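Read the structure below first, then the notes.
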C-alpha cells in the first residue's frame with residue numbers, strides 16, 4: 096500500500112511536470128519546428144514506475160500535445176489535430192490522433208523494457224544500439240542532402256549534434272561508473288517518438304494521402320518535414336541522453352530503479 100501511494104505521488108508529480116513543460120518554454124525550444132523536451136519526464140517515469148504508469152504519462156503527453164496544437168497551431172499541427180489544416184488544399188484526417196497519441200504512449204513503455212534489457216548487458220551492445228540509431232538518422236538526413244533539399248544550416252547542426260553525441264559517450268565511458276544504460280535508454284525513448292512519428296506521417300499523409308497532389312504540398316514538403324524532424328530528433332536524443340541519465344543516476348538509490 097505504501098509503495099502504491101508513493102508511485103501515485105510520483106506519477107502525479109511527473110504528470111504536473113509534463114503539463115508545466117507543455118505550456119511554458121521549458122517543454123519546447125522554438126525553431127522551424129519546435130524541439131520537444133517533454134519526452135524526458137515520460138522516459139524517466141517509465142523507467143521509475145514501470146510500463147503501465149509510463150503509458151499513462153505518454154497518454155498525458157499526447158493529450159497536452161493535442162491541446163497545445165489546437166490553441167497554438169504551427170506548421171505541422173495538422174499532423175496532430177484533425178480539425179486544423181495548413182491550407183484549404185491539404186485535408187487533414189482523424190488518423191492524426193494516431194500520430195498524436197501512439198508514439199507518445201510508446202515513449203512511456205519502450206524505455207522500461209530497454210533499461211531492463213540493458214542492465215544485464217555490457218557496454219558493447221549499448222554502443223551498437225546507439226550506432227544503429229545514429230545510422231538510421233544519418234541515412235534519412237543524408238538522403239535529403241543528396242537531393243539538395245536541406246541547406247548549409249542543417250548540415251552544420253547535424254555535424255554539431257554528432258560531435259556532441261560522440262563526446263558524451265566518451266565522457267560516460269571514461270567515467271568511474273562506466274555504465275551508459277540510462278543514456279542509451281534516454282536515446283531509445285526519444286528515438287521511439289521520432290521514429291513512429293515519421294512512420295505514421297508517411298502512412299497517413301504520404302503517398303496516396305494528403306500530399307499526393309504534388310507541388311509544394313507534395314513530395315518536397317514531405318521531404319522538408321522529414322528533414323526538420325530528423326534534425327530535431329538528433330537534438331532531442333542528445334537532450335534526452337543527458338537529462339535522463341543525470342536524473343536517473345541521481346535518483347537511483349531513492350527510487351531503487
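In this note's numbering, the protein residues as written are 96 to 352. Cβ atoms here follow ideal geometry from the backbone N, Cα and C, with glycine treated the same way. The structure displayed is predicted, hence computed values, not measured ones.
Less than 8 Å separating the beta-carbons of residue 292 and residue 324?
Indexing the chain shown from 1 puts residue 292 at position 197. Indexing the chain shown from 1 puts residue 324 at position 229. Yes.
Can you look up residue 124 in the DSSP assignment and give me helix, strand or coil?
Stepping through the chain shown from its first residue, residue 124 is reached at position 29. Strand, per DSSP.
Spatial neighbours of residue 172 within its chain, please: C-beta separation below 7 Å, excluding the five flanking residues on both sides.
To locate residue 172, count along the chain shown from 1; it is residue 77. Within the same chain, residue 172 has close Cβ partners 164, 179.
So the alpha helix (DSSP H) residue 214 belongs to, where does it begin and stop?
For the purposes of this step, residue 214 is identified with residue 119 of the chain shown, where counting begins at 1. Where residue 214 is concerned, there is no enclosing alpha helix (DSSP H), given that its DSSP letter is neither H nor E.
Using the Cβ count rule (16 or more neighbours within 10 Å means buried), how would you classify residue 199?
Taking the first residue of the chain shown as position 1, residue 199 is located at position 104. Buried, since its Cβ has 16 or more Cβ neighbours within 10 Å.
Determine which residues share a DSSP beta bridge with residue 131 and list them.
Working through the chain shown from its first residue, we reach residue 131 at position 36. Paired residues: 123.
Residue 194 and residue 331 look like a contact to me (Cβ under 8 Å); what is the Cβ gap, rounded to whole Å?
To locate residue 194, count along the chain shown from 1; it is residue 99. To locate residue 331, count along the chain shown from 1; it is residue 236. Actually they are not in contact, since the Cβ atoms of residue 194 and residue 331 sit about 16 Å apart, beyond 8 Å.
Quick check: the Cα distance between residue 228 and residue 209, rounded to an integer number of angstroms?
Residue mapping note: residue 228 aligns to position 133 of the chain shown, counting from 1. Residue mapping note: residue 209 aligns to position 114 of the chain shown, counting from 1. Between residue 228 and residue 209, the C-alpha separation is close to 14 Å.
Quick check on residue 103: buried or exposed, where buried means 16 or more other Cβ atoms within 10 Å of its Cβ?
Position 8 of the chain shown holds residue 103. By the 10 Å Cβ count, residue 103 comes out exposed.
For the alpha helix (DSSP H) that residue 285 lies in, which residues bound it at each end?
Against the chain shown, residue 285 aligns to sequence position 190. Start and end: 276–300.
Within 8 Å of any Cβ in chain D, is that where the Cβ of residue 133 sits?
Protein chain content of the structure displayed is limited to a single chain, and chain D is not contained in it.
Return the residue from the list 297, 320, 289, 280 that minimises the CA-CA distance to residue 342.
Within the chain shown, residue 342 is the residue found at index 247, counting from 1. Minimum Cα distance to residue 342 is reached at 280.
With 16 as the cutoff for other CB atoms within 10 Å, does residue 136 come out buried or exposed?
Counting from 1 along the chain shown, the entry for residue 136 is found at position 41. Looking at its Cβ environment, which holds 16 or more other Cβ atoms inside 10 Å, residue 136 is buried.
Thinking C-alpha only, which one of 282, 175, 167, 326 is nearest residue 207?
Start at 1 with the first residue of the chain shown, and residue 207 comes out as number 112. Ranking the options by Cα distance to residue 207, first place goes to 282.
In the DSSP assignment, the alpha helix (DSSP H) including residue 198 goes from what residue to what residue?
One-based indexing of the chain shown puts residue 198 at position 103. From DSSP, the alpha helix (DSSP H) with residue 198 extends over 191–202.
Would you decide whether residue 278 is buried or exposed? Buried here means 16 or more other CB atoms lie within 10 Å of its CB.
For the purposes of this step, residue 278 is identified with residue 183 of the chain shown, where counting begins at 1. Classification of residue 278: buried, given that the 10 Å Cβ count is 16 or more.
Compute the Euclidean distance between the alpha carbons of residue 105 and residue 197, then round it to the nearest angstrom.
By 1-based counting over the chain shown, the position of residue 105 is 10. By 1-based counting over the chain shown, the position of residue 197 is 102. Those two C-alpha atoms are separated by around 23 Å.
Rounded to the nearest angstrom, what separates residue 188 and residue 223 at their Cα positions?
To locate residue 188, count along the chain shown from 1; it is residue 93. To locate residue 223, count along the chain shown from 1; it is residue 128. The alpha-carbon atoms of residue 188 and residue 223 are separated by roughly 38 Å.
Would you call residue 119 buried or exposed, if buried means 16 or more other Cβ atoms sit within 10 Å of its Cβ?
Residue numbering aside, residue 119 sits at position 24 when the chain shown is read from its first letter. Looking at its Cβ environment, which holds fewer than 16 other Cβ atoms inside 10 Å, residue 119 is exposed.
Near residue 205, which residues of its chain fall below 7 Å by C-beta distance, leaving aside the five closest residues on each side in sequence?
Residue mapping note: residue 205 aligns to position 110 of the chain shown, counting from 1. Cβ neighbours of residue 205 beyond the five flanking positions: 283, 284, 287.
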